[in-house]
Amino acid sequence: MTRVLVVDDEPQIVRALRINLTARGYEVSTAENGQQALQVAASARPDVVVLDLGLPDMDGSAVIEGLRGWTSTPIIVLSARTDSGDKVSALDAGADDYVTKPFGMDELLARLRAAVRRASAPSASGEEAVVVTPAFTVDLAAKKVLRDGAEVHLTPTEWGVLELLVRNRGKLVAQKQLLAEVWGPGYASETHYLRVYLAQLRRKLEPRPSHPRHLLTEAGMGYRFET
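According to full-length UniProt numbering, the stretch in the sequence shown is residues 1 to 227, in order.
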């Protein structure tokens, strides 16, 4: 059974979608704000998300970014915003499709089926929103790190490096890939940046920074994150 998460603060739309999707064999979860959406997505592991942009606590684009921190689950934006800039922002943030309110149920269902078809077995991909090590916990959806129960302050660049390594845990991430994705394509030769930022991350996260257990260096090649 395909799992759908509907995120909208309009009860009548949530009710209509729940009735129509359930009648067609979908398992439906709902959320009325962005924070709840991120929590439900992490626990229910939906196969597709239908998301309104105008949420009471945060913009829908921020929800998309939070989800894209750890999952490739298809996201269909359902919004009253018709401005092309809003559409571009949502798609750039990681949405897969954009449906404008008011909408036809048949069209939305067709787009939903297409999004699920395009996804390559999302429910079996092994993605995790929260990655736990003996020393610290990384919450990819909330974009924060906890150590000994307290949040660790990371700069945006430190988070960018850590997130890329955690999302590729167990795999070697090449120096050039890290530099290109975190700093940009013009920094491919600035390997000293990586030494500086990995040292900072180890000081903040590793119990023994000089003998790291989780943020490992592969000499001359790149870095690896191990739980």
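Where a beta carbon is used, it is the ideal one built from N, C-alpha and C, also for glycine.
None of the values given here were measured: they were computed from a predicted structure.
- Using a Cβ distance threshold of 8 Å, Asp47 and Thr100 do not count as a contacting pair.
- One Cα belongs to Glu226, the other to Val152, and the distance between them is close to 19 Å.
- Three or more beta-carbon pairs separated by less than 8 Å are not found between the region 130-140 and the region 110-121, which leaves the two stretches without contact.
- Asp57 sits close to Gly34, with the two beta carbons spaced by under 8 Å.
- Annotated three-state conformation of Leu55 is coil, per DSSP.
- Runs of the alpha helix (DSSP H) lying entirely within the region 66-135 and spanning at least 4 residues, in chain order: 84-93, 105-118.
- Rounded to whole angstroms, the Cβ separation of Val40 and Ile75 is 14 Å, and the two are not in contact under 8 Å.
- In the structure shown, Ala16 falls within a helical segment according to DSSP collapsed to helix, strand and coil.
- Pairing Leu55 with Ser72, the inter-Cα distance amounts to about 21 Å.
- Taking a 10 Å sphere around the C-beta of Glu163, we find 16 or more other C-beta atoms and assign the residue as buried.
- Here Leu53 is actually not in contact with Val28; their C-beta atoms are around 20 Å apart, not less than 8 Å.
- Taken through DSSP and simplified to helix, strand or coil, Leu162 comes out as helix.
- Rounded to the nearest angstrom, the Cβ distance from Val63 to Val7 is 7 Å, consistent with a contact under 8 Å.
- In the DSSP assignment, Leu216 forms a beta bridge with Arg224.
- Judged by DSSP secondary structure, Leu201 falls within the alpha helix (DSSP H) whose first and last residues are 191-205.
- Judged by DSSP in its simplified three-state form, Glu181 adopts helix.
- For Glu181, the CB contacts under 7 Å within the same chain, skipping 5 residues up- and downstream, are Leu164 in chain order.
- CA-to-CA, the gap between Asp83 and Leu154 works out to about 35 Å.
- According to DSSP, Ala150 shares a beta bridge with Arg147.
- Closest in C-alpha terms to Ala31, from the list Leu17, Arg24, Gly25, comes Leu17.
- With the rule of 3 Cβ pairs closer than 8 Å, the region 214-226 counts as touching the region 169-187.
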